[in-house]
Every structure is written in structure tokens, then in C-alpha cells.
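Novice:
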Amino acid sequence: MSSVVVRDYIIPANDFTIAGDASSNVRKILSQIGVAPDIVKRTSIAMYEAEINAVIHGNGGQAHVEIDENKIVIIISDQGPGIADLELAMQEGYSTAPDSIREMGFGAGMGLSNIKKNSDILEIKTAVNEGTTVYITVFFK
Amino acid sequence: MYSERRNMKIPEIAEIIKAEICTKNYDPTIEIYSACSADLMSDVMAFSKSNALLLTGLINPQVIRTAEMMDIKAVIFARGKKPLESMIEMAEEKGIVLMATDYPLFVASGKLYKNGIHGRGE
């Protein structure tokens, strides 16, 4: 696995049926190339939460994934409303999701903290009315 | 009257909570070690035990997705809720066992706990 695997995915807005497809696909790739199961799980959780966030808050977006022999870098971007107070949004339990989202099982206010906990490097760039980009890196060793 | 913590196989779990097993061709040798009860999937993703079981009252495809991402081996739908056909197909494809019980979430969780399946933080 010395070559670099690059994948791009479209994350459709408000489509709960296929939300998670990109994460599921990346999970399969990581398992196939022999990444350790606990690393696959951490990566899956981080990417899935970010994908769900793009569906719920960002009106959909894109995922760009690069895998080399040492790490995976996942960039999930949306052109949604942005995050006004990132520090507050990082707090466990804080959520701006409406009840309709909670009825779907999300909006517990755990998404960003779950992403942080399962990433080795997490960077978030956000601007109100411009959108949010989340950069997740997970090392394989 | 409480059992020591122990692993449990799917048929025994189904018997304890009088559950119907909704997926076909499951692996009867899967051993469940711990469980998590929640309707909010991000709370499930904050749970990190392996060989785990999820008990929930939520019916939508993201329950199966969450189980997939978390390596959760089996999902129990409580309060008489039944998984949708599309969820059953998705779970079969991913090798996840789905069960449905009429017991409410609290009672189903309590019965399994009493018989030896425990959770996080113990």
C-alpha cells in the first residue's frame, strides 16, 4: 500500500437515506488495505459524524479523501451557514439542530467532540454564511 | 439473582427478551460482551466497547450505519418497533443482526443486565 488512494464524494443535502455512504465506502477501503480495526473504527466515526454534520447543518457538501501508507486525510466541506461560535459548538451536549433532526437520532451535541476524540489532527475552518471545512487526519501507527 | 458479567450469544439474548430475530443467516457464534441503550446515535458513537449490542427505539437507516461504523454486532429495537425492510437488507449485507422485542427499552436493558451483559463505566 505505497500508492496514494484518492476519493471524492458528493454529500447530498437532507438525504438521510444515503447519508453515511461516503464513510461506509472509505471504511471498506481501509479494511481492504489492512488498516488495524481500531484505527478503521476511529476513522469511520470521525468521518461519519462530519458527513452527518454536512447533511444536517451544511445543506450537503463534498468529501475529499487521501490515503497513503501512514495516514488518512479527510476533508469535508459545505457551503452552509457556518459556525458562529466554534468554541461553544465543540462543547459536548451543545447543539443547534432542530427537533426534526433529533427525531432522526442526531443533534445530541456530541458530533464535533466525537470527531475530535477520534482524530489525531482536527482543523476546522468556518465563516458565517460562507460554510465550514473540516480537516481530519488519522495516523495508522 | 444477578449473573456475573459474561459473554452471551444471539439466541440466548433473543430468548431473555423474547425477541424476534429479523435478519437471516446470522452467525450464531457471535459473542456479545457489552451493550448500550440510546435513541441518539452520537451518544452511541461516544461509546467504545467492542463486541457490543445496541438497544434503541429509533427506526431509520442511520441506526444500521451507526452500528456499521461502531462495529456493533447486533441491534435490538424495543417497544414493539420493527425495522424497515430496507434496514433489514442493509444489516444483512453488513452482517449485523437485528432483533425486535415488545419490551420497553428500560425493561429490555434491565433483563439483559441482570443476566450478565454490562455496559461502559463499570
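Heads up: the sequence lines are chains Z and X, in that order.
Note that the first sequence covers residues 1 to 141 in the working numbering.
Note that the second sequence covers residues 142 to 263 in the working numbering.
A virtual CB, placed ideally from N, CA and C, is assigned to each residue, including glycine.
(1) Measure from the alpha carbon of Leu86 of chain Z to the alpha carbon of each residue in Z:Ala127, Z:Thr17 and Z:Ala22, then state which is nearest.
(2) Below 7 Å on C-beta distance, what does Gly187 of chain X contact in chain Z?
(3) List in chain order: all unbroken beta strand (DSSP E) runs of 3+ residues lying wholly within the stretch 10-43 of chain Z.
(4) Given a cut-off of 8 Å, decide if Ser24 of chain Z and Glu209 of chain X are closer than it, judged by their beta-carbon atoms.
(5) As an exercise, report each continuous alpha helix (DSSP H) stretch of at least 4 residues that is fully enclosed by the stretch 62-127 of chain Z, in chain order.
(6) Can you tell me the Cα-Cα spacing of Met1 of chain Z and Leu181 of chain X, whole angstroms?
(7) Please identify the residue among Z:Thr137, Z:Glu130 and Z:Ile136 whose C-alpha is closest to the C-alpha of Gly58 of chain Z.
(8) For Asn256 of chain X, which residues of its own chain have a beta-carbon under 6 Å away from its beta-carbon, when the five flanking residues on both sides are left out?
(9) Excluding the five sequence neighbours on either side, which residues of its own chain have a C-beta within less than 7 Å of the C-beta of Gly260 of chain X, listed in chain order?
(10) Note down, in chain order, all residues in the stretch 39-59 of chain Z with a beta-carbon under 7 Å from any beta-carbon belonging to chain X.
(11) Please classify Lys214 of chain X as buried or exposed, where buried requires at least 16 other C-beta atoms within 10 Å of its C-beta.
(12) Relative to the C-alpha of Asp68 of chain Z, which candidate in Z:Met104, Z:Ser44 and Z:Gly34 has its C-alpha closest?
(13) Residues of the stretch 179-207 of chain X with a CB closer than 7 Å to any CB of chain Z: list them in chain order, please.
(14) Mapping DSSP to helix, strand and coil, what is Phe218 of chain X?
(15) List the residues of chain Z whose Cβ lies closer than 9 Å to the Cβ of Glu233 of chain X, in chain order.
(16) Using beta-carbon positions only, say whether Glu233 of chain X and Lys165 of chain X come within less than 8 Å of one another.
(17) Can you grab the Cα-Cα spacing for the pair Met186 of chain X / Thr43 of chain Z, in whole Å?
(18) So if I threshold CB-CB distances at 9 Å, which residues from the stretch 3-30 of chain Z count as touching chain X?
(19) If you measure between the beta carbons of Arg206 of chain X and Tyr48 of chain Z, is that distance less than 8 Å?
(20) Could you give the DSSP three-state label for Val4 of chain Z: helix, strand or coil?
Specialist: From the atom records:
(1) Residue numbering aside, residue 86 of chain Z sits at position 86 when the first sequence is read from its first letter. If we check each option's Cα against that of Leu86 of chain Z, Z:Ala127 comes out closest.
(2) In the second sequence, counting from the first residue as 1, residue 187 of chain X sits at position 46. The question names Gly, yet the displayed sequence has Ala at residue 187 of chain X. Within 7 Å Cβ-Cβ: Met110 and Asn114.
(3) none
(4) Residue 209 of chain X sits at position 68 when you count from the first residue of the second sequence. Residue 24 of chain Z sits at position 24 when you count from the first residue of the first sequence. Closer than 8 Å, so yes.
(5) 86-90, 99-102 and 111-118
(6) Within the first sequence, the letter at position 1 stands for residue 1 of chain Z. Within the second sequence, the letter at position 40 stands for residue 181 of chain X. Model confidence at Met1 of chain Z stands at a pLDDT of 49, short of 50, so the residue's coordinates are unreliable; what they give is reported in the following sentence. Answer to the nearest angstrom: the Cα atoms are 37 Å apart.
(7) What you label residue 58 of chain Z is simply residue 58 of the first sequence in a count that begins at 1. When only C-alpha atoms are compared, the closest one is Z:Glu130.
(8) Position 115 of the second sequence, counting from 1, holds the residue named residue 256 of chain X. Around Asn256 of chain X: Ser144 and Ile157.
(9) If you number the second sequence from 1, residue 260 of chain X lands on position 119. Counting only Cβ-Cβ distances below 7 Å, and skipping sequence neighbours, we find Ser175, Ala176 and Cys177.
(10) Lys41, Ser44, Ile45, Tyr48 and Glu49
(11) As a first step, residue 214 of chain X is located in the second sequence; it is residue number 73 there, counting from the start. Classification for Lys214 of chain X: buried.
(12) Within the first sequence, the letter at position 68 stands for residue 68 of chain Z. Comparing Cα-Cα distances from Asp68 of chain Z to each of Z:Met104, Z:Ser44 and Z:Gly34, the minimum goes to Z:Gly34.
(13) Asp180, Leu181, Met182, Ser183, Asp184, Met186, Ala187, Leu199, Asn201, Pro202, Gln203, Val204 and Arg206
(14) Within the second sequence, residue 218 of chain X is the residue found at index 77, counting from 1. Here Phe218 of chain X sits in strand by DSSP.
(15) Translated into the one-based positions of the second sequence, residue 233 of chain X becomes position 92. Going along chain Z, no residue has its Cβ under 9 Å from Glu233 of chain X, so there is no contact; the nearest lies around 15 Å.
(16) Within the second sequence, the letter at position 92 stands for residue 233 of chain X. Within the second sequence, the letter at position 24 stands for residue 165 of chain X. It is a contact, given that the beta carbons lie within the stated cut-off.
(17) Your numbering for residue 186 of chain X matches position 45 in the second sequence. Your numbering for residue 43 of chain Z matches position 43 in the first sequence. So the two alpha carbons sit approximately 12 Å from each other.
(18) Phe16, Thr17, Ile18, Ala19, Gly20, Asp21, Ser23, Ser24 and Arg27
(19) Position 65 of the second sequence, counted from the first residue, corresponds to residue 206 of chain X. Position 48 of the first sequence, counted from the first residue, corresponds to residue 48 of chain Z. Yes, the Cβ-Cβ distance between Arg206 of chain X and Tyr48 of chain Z is below 8 Å.
(20) Locating residue 4 of chain Z in the first sequence gives position 4, where the first residue counts as 1. In this structure, Val4 of chain Z counts as coil in the three-state DSSP scheme.
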